[in-house]
Amino acid sequence: MRKERIQAFELLQKVRSEKPVVHHLTNWVTIYDCANIVKVLGASPIMAHAPEEVAQMSGIANALVLNIGTLTVEFVESMKLAAKSANQKGIPVVLDVCGAGATALRDESSLALIDQCRIDVIKGNASEVARIAGENVRTKGVDASRVEADLEIVAQRLAQARRCAVVITGKEDIISDGTKTFLVRNGHPLMGSIVGTGCMATSAIATFCAVEKDLGLACCAGLVVFEVAAECAAKKAKGPGTFKELLYDCLYALDRKTLESSQRVYRAP
Amino acid sequence: MRKERIQAFELLQKVRSEKPVVHHLTNWVTIYDCANIVKVLGASPIMAHAPEEVAQMSGIANALVLNIGTLTVEFVESMKLAAKSANQKGIPVVLDVCGAGATALRDESSLALIDQCRIDVIKGNASEVARIAGENVRTKGVDASRVEADLEIVAQRLAQARRCAVVITGKEDIISDGTKTFLVRNGHPLMGSIVGTGCMATSAIATFCAVEKDLGLACCAGLVVFEVAAECAAKKAKGPGTFKELLYDCLYALDRKTLESSQRVYRAP
Amino acid sequence: MRKERIQAFELLQKVRSEKPVVHHLTNWVTIYDCANIVKVLGASPIMAHAPEEVAQMSGIANALVLNIGTLTVEFVESMKLAAKSANQKGIPVVLDVCGAGATALRDESSLALIDQCRIDVIKGNASEVARIAGENVRTKGVDASRVEADLEIVAQRLAQARRCAVVITGKEDIISDGTKTFLVRNGHPLMGSIVGTGCMATSAIATFCAVEKDLGLACCAGLVVFEVAAECAAKKAKGPGTFKELLYDCLYALDRKTLESSQRVYRAP
C-alpha cells in the first residue's frame with residue numbers, strides 16, 4: 045500500500061474562497077455541529093426540511109447532505125424532494141446512513157433514497173455500510189460492530205454497484221469510487237468519546253464535494269482536513285469537552301504546513 | 045451622527061433581578077443557544093411549539109420569540125397561536141425573519157405573521173429585512189448580501205409601515221422604531237465565524253424587550269450587551285470554538301465598567 | 045439523617061465496561077447534551093422518535109428515557125410505543141416530567157404515560173413532581189418554585205402510589221423508591237446557570253438504571269457521579285460556558301478517589 049499525496053490544502057483553500065452553500069436535511073441531535081463545521085470550514089450551511097421549500101433550497105446550494113439520524117417517514121419524503129432538485133441541478137448528494145441495520149425503517153429509507161434518487165456519496169461506519177451493501181451484520185446502536193467481510197471490498201463493490209463514492213469510517217477510513225480505493229489513517233480516539241464526529245465528518249465531506257468533482261478525492265480531503273484538525277485539538281484538550289471546542293479552533297486555523305505534514309492517505313492496491 | 049449614552053447596564057440589572065420568562069418558537073439548529081443565552085443573561089427561557097400548549101405558554105411569558113430558521117407550515121401555525129396569545133397579554137413579540145429571501149415559504153410565512161399578528165420587533169440581516177420591506181435583493185443562504193438601498197431608510201420606513209421596531213444586524217447594527225434610529229457599532233468578526241450568533245442576538249433582544257417598554261432602547265441594549273460580551277470573549281479566544289464558550293462566560297460576568305466603557309451606540313440624524 | 049456509603053464508583057465502572065444502550069425520546073433543546081452525557085459516561089446513546097421504529101429501538105436498548113421538554117401530541121404517542129416495547133423487554137423507563145405544571149398538555153401527557161405504561165423512575169424538580177403527585181403548586185417556566193409540601197413525603201408517597209422510584213432535583217436531590225429515601229447533597233450553583241443540566245441528570249440516571257436493578261441506588265449513583273463531576277468542573281471554570289465543557293472533561297476522567305471523597309448521600313429516617 046503506497047502513500048498518496050493528495051491536494052487537501054488546495055481544496056480547503058478552495059472551500060474558504062468559494063464559500064459553497066451546503067444544504068442539510070439532518071438529525072436533531074447534531075444539527076448545530078453539522079452547520080458549524082461547515083461554517084468553520086469557511087463555507088455556508090443551510091438547514092431546511094419543509095417539503096414546501098427543500099427543492100428551492102437545494103436549487104441555491106452547491107451540495108446536499110442527507111443524514112437519517114432522527115428520521116421520520118415525512119422527513120425522508122422531504123429528503124427525496126431535495127435530492128431530486130439537487131440531481132436536476134447536478135450538485136453532489138451525500139447520504140449518511142446513520143443507524144442503518146438498527147431498524148427496518150432505517151434500512152428501507154436508506155435503500156429507497158439510493159434507489160429513487162442519484163446519491164453521489166454513501167457514508168457510514170462498517171456495520172451501517174455493510175447493511176446497505178447487503179452484508180449480514182448486526183448493529184448495536186450507531187457504533188461500529190465487527191464486520192467479517194473485507195471492508196475494502198465491500199466499499200469498492202457498493203461503489204461499483206451504485207456508481208457512487210462510498211466512505212466507511214472507522215479507526216481507518218476507507219474511501220472508494222469503484223475504481224480507486226483509499227485509506228485515511230488520521231484522527232484520534234477522542235473523536236469516539238463524544239457524539240457528533242461522524243455527522244460532522246459527513247458535512248465536511250459534502251463541503252469538499254461542493255468544490256471538487258473527483259468525489260473520491262473530495263471525500264479523502266474532507267476526512268483528512270477534519271481528522272488532522274482533530275489530532276491538533278487532541279494535543280491541547282483536557283478531555284472530550286475541551287476537545288470539541290478546540291476541534292473548531294484547530295479547523296479554523298488549519299494551515300498548509302500542519303495539514304501536509306500530518307495527512308496520511310494511502311492508495312489500496 | 046452623535047454618540048448616545050443608553051442605560052444598557054441598568055436594563056441588564058433589571059433582567060437579572062426580574063428574570064423574565066422568554067417563550068421561543070425557534071429553529072432546531074440553534075435552539076440550545078437561544079435558550080442558553082437567555083439563561084446566562086439571568087432570565088428564564090421556555091421552548092414549546094405544540095399547538096395545544098403554545099397559547100398557554102405565551103400566557104405565562106414576558107416576551108415571545110418567533111424564529112423561522114427551520115420552519116414548516118405547521119410550525120408557523122403554532123407561531124400564530126402563540127403570537128395571538130402574546131398580543132392578548134400585551135407582551136412583546138420579536139420575529140427573526142431568518143432566511144427570508146431564500147424561499148417563497150420564508151417570505152410568505154414572514155409576511156403572514158406580520159399581517160395576521162402584532163409583531164413588535166422585526167429582526168434580520170440586511171437582505172432578509174430588505175426582502176420583508178419589499179426591496180429587491182438576492183439572498184445567498186442566510187448570510188447578508190450587499191443591499192443597494194440605504195439600510196437606515198429601509199429600517200425606518202418598515203418600522204413606520206408596520207408600527208414596530210426594526211433591527212438590521214451587520215457589521216454595524218441599525219435599530220429604528222420609526223421615529224428614532226440608532227446604530228450599534230459593537231461586536232467582533234469571530235461572531236460571523238460560527239453558527240448561531242444571529243439567533244442568540246434575537247433572543248437577547250427579546251429578553252430586554254421583556255423588561256423595557258421603549259422597544260428601540262430595549263433592542264439597542266440587548267445588542268450592546270451581547271456584542272460587548274462578544275468583544276471580551278474574542279480577546280481571550282483562540283478561535284471560534286473557544287470564542288463561543290467564552291461568550292457565555294463574559295456575558296454572565298459582564299459588569300458596569302466594561303459595558304459602559306465599551307458600548308458604542310450612535311443616534312442617526 | 046445518616047451518611048450513606050453507596051457503591052457509585054463500582055456502578056460507574058459497570059457503565060464503562062458494559063456500555064449499555066440508552067434510547068431517548070427527548071426534547072430538541074438539550075438533545076445533544078443528553079446524548080453526549082451518556083457517551084461521555086462510556087455508554088451508547090440512541091435518539092429515535094419515529095413511530096415506525098421506536099419499538100424496535102427500545103427492543104435493542106438497555107434503558108429508555110422519555111423527556112417531554114418540547115412535546116407534541118404525536119411525540120407522546122411515540123413515547124407510548126417505545127415505553128410499551130421497553131416494558132415488554134423489561135428495561136427501565138425513566139420519565140422526565142419537564143415543565144409539568146406549566147400547561148395542561150404537559151400534565152395530561154405525563155399522567156397518560158404513567159397510567160398507560162410502566163414508568164420506573166419519575167424525575168423532575170419540586171414543582172413538576174408535586175404537580176404529578178397532585179399537589180397544588182405553580183410553575184414559572186421550568187424552574188423550581190417554592191413548594192410548601194414536605195418534598196420528601198411527596199417523593200415517598202408518589203413512589204408508593206406509582207410503584208416506581210421518584211427523583212426530585214434541587215439544591216439537594218431527593219430520591220425515594222417508596223421504602224428507602226435518600227438525599228444527594230452534591231452539585232454546584234453553576235449547574236443552574238446553564239440550560240440542560242436537568243435533562244443531562246435524567247440521562248445519567250437512566251444510564252445507571254441500565255446496569256443496576258435497585259433503582260433507588262441507581263438514581264443516587266447517577267446523580268452523585270454527575271454532580272461530583274460538576275463540582276470538579278466548577279473549580280476550574282471561569283463561567284457557565286467553560287463550566288459546561290469542563291463538566292464533560294471531569295465526568296470522563298472521574299476516578300474512584302475523587303468520587304468517594306466527594307459523594308454526599310444521606311439516608312432519610
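Chains as they are written, first to last, in my numbering: chain A, 45 to 313; chain B, 45 to 313; chain C, 45 to 313. Backbone N, C-alpha and C fix where the C-beta goes; we use that ideal spot for every residue, glycine too.
Give the secondary structure of Leu-298 of chain C by DSSP, where H, G and I count as helix, E and B as strand, and everything else as coil.
-> coil
Against chain A: residues of the stretch 269-295 of chain B by CB proximity under 9 Å = Ala-281, Lys-282, Gly-283, Pro-284, Gly-285, Thr-286, Phe-287, Lys-288, Glu-289
Rounded to a whole number of angstroms, what is the C-alpha to C-alpha distance between His-67 of chain C and Gly-143 of chain B?
-> Cα to Cα, His-67 of chain C sits roughly 34 Å from Gly-143 of chain B.
Same chain only: Cβ atoms within 6 Å of Ile-238 of chain C, ignoring 5 sequence neighbours per side | Contacts found: Pro-284, Lys-288.
Same chain, Cβ closer than 6 Å to Ala-127 of chain C, five either side skipped, listed in chain order = Val-137, Cys-161
Can you pull the DSSP bridge partners for Asp-217 of chain C?
-> Asp-217 of chain C pairs with C:Val-228.
Under 7 Å Cβ-Cβ, which residues of chain B neighbour His-232 of chain A?
-> In chain order: nothing, as chain B lies at least about 15 Å away.
Under 7 Å from the C-beta of Ala-297 of chain A: neighbouring residues of chain B = Correct list: Gly-283.
Check distances from the C-beta atoms of the stretch 115-126 of chain B to those of chain A and list, in chain order, the residues that come in under 7 Å.
-> Leu-115, Thr-116, Val-117
Taking the beta strand (DSSP E) that Asp-140 of chain C falls in, what are its first and last residues?
-> Segment 137-140, the beta strand (DSSP E) holding Asp-140 of chain C.
Alpha carbon of Arg-182 of chain C to alpha carbon of Asp-151 of chain C, nearest angstrom = In this prediction, Arg-182 of chain C has a pLDDT of 47, which is less than 50 and means its spatial position is unreliable; what the coordinates show is noted afterwards. Arg-182 of chain C and Asp-151 of chain C: Cα-Cα distance of roughly 12 Å.
Exposed unless 16 or more other CB atoms sit within 10 angstroms - verdict on Gly-178 of chain C | Exposed: under 16 other Cβ atoms inside 10 Å.
Leu-139 of chain A to Ala-174 of chain C, Cα distance in whole Å?
-> 46 Å
Could you tell me which residues DSSP pairs with Asn-111 of chain C in its beta bridges?
-> C:Asp-140
Along the chain, which unbroken stretches of the alpha helix (DSSP H) at least 4 residues long are found entirely within the stretch 153-185 of chain B?
-> Counting whole runs of 4 or more residues, the stretch 153-185 of chain B contains the alpha helix (DSSP H) stretches 170-176.
Thinking C-alpha only, which one of A:Gly-260, A:Ala-262, A:Met-244, A:Leu-259 is nearest Arg-273 of chain A?
-> Correcting the residue type first, residue 273 of chain A is Ala in the shown sequence and not Arg. It is A:Met-244 whose Cα lies nearest to the Cα of Ala-273 of chain A.
Taking Gly-145 of chain A as the reference, which of A:Val-73, A:Asn-169, A:Ile-158 has the closest Cα?
-> A:Asn-169
Contacting residues, own chain, Cβ-Cβ under 8 Å from Ile-135 of chain C (five flanking each side not counted) | Ser-102, Ala-105, Asn-106, Ala-107, Leu-108, Ala-254
Is the Cβ of Lys-83 of chain C closer than 7 Å to any Cβ of chain A?
-> Closer than 7 Å: yes.
Please classify Glu-192 of chain B: does DSSP put it in a helix, a strand, or coil?
-> Low per-residue confidence applies at Glu-192 of chain B: pLDDT is 42, beneath 50, and the placement is therefore not dependable enough to give any value.
Could you round the C-beta distance between Ala-205 of chain A and Ser-220 of chain A to whole angstroms and report it? I think they count as a contact, below 8 Å.
-> Contact doesn't hold; Cβ gap of about 11 Å is too wide.
Near Trp-72 of chain C, what residues of its chain come up, given a Cβ to Cβ distance below 7 Å and the 5 sequence neighbours on each side ignored?
-> Thr-114
Please classify Pro-233 of chain A: is it buried, with 16 or more other beta-carbons within 10 angstroms of its beta-carbon, or exposed?
-> exposed
Would Val-141 of chain A pass as a contact of Ala-209 of chain A if the rule is Cβ separation under 7 Å?
-> no
Quick one: what does DSSP say Arg-46 of chain C is sitting in, helix, strand or coil?
-> strand
Which listed residue (C:Ala-87, C:Val-117, C:Leu-85, C:Cys-78) has its alpha carbon closest to that of Pro-95 of chain C | C:Val-117
For Glu-275 of chain B, the nearest candidate out of B:Gly-266, B:Glu-54, B:Met-235 (CA to CA) | B:Met-235
Between Leu-125 of chain A and Ala-92 of chain A, which are expected to be in contact by the criterion C-beta below 8 Å, what is the C-beta distance as a whole number of angstroms?
-> The beta-carbon separation of Leu-125 of chain A and Ala-92 of chain A, rounded to 11 Å, does not stay under the 8 Å limit for a contact.
Through-space distance from Ala-87 of chain A to Asp-299 of chain A, alpha-carbon basis = Taking the straight line joining both Cα atoms gives about 17 Å.
Once you ignore the five residues that flank Glu-62 of chain C on each side, which residues in its own chain have a CB closer than 6 Å to its CB?
-> Val-255
How far does the alpha helix (DSSP H) with Ile-90 of chain C in it reach, from first residue to last?
-> Counting along the chain, Ile-90 of chain C falls outside any alpha helix (DSSP H), though it belongs to the beta strand (DSSP E) covering 88-91.
Compare the C-beta of Leu-149 of chain C against all C-beta atoms of chain B and say whether one is closer than 7 Å.
-> yes
Between Glu-62 of chain A and chain B, is there a C-beta pair that is closer than 7 Å?
-> Closer than 7 Å to the CB of Glu-62 of chain A there is not a single CB belonging to chain B.
Can you find a CB in chain C that lies within less than 7 Å of the CB of Ile-238 of chain A?
-> Judged by the 7 Å Cβ criterion, Ile-238 of chain A is in contact with chain C.
With burial defined as no fewer than 16 other Cβ atoms inside 10 Å of the residue's Cβ, what is the status of Asp-217 of chain A: buried or exposed?
-> buried
If I'm right that Ile-176 of chain A touches Leu-202 of chain A with Cβ under 8 Å, what's the distance once you round it to whole angstroms?
-> 7 Å
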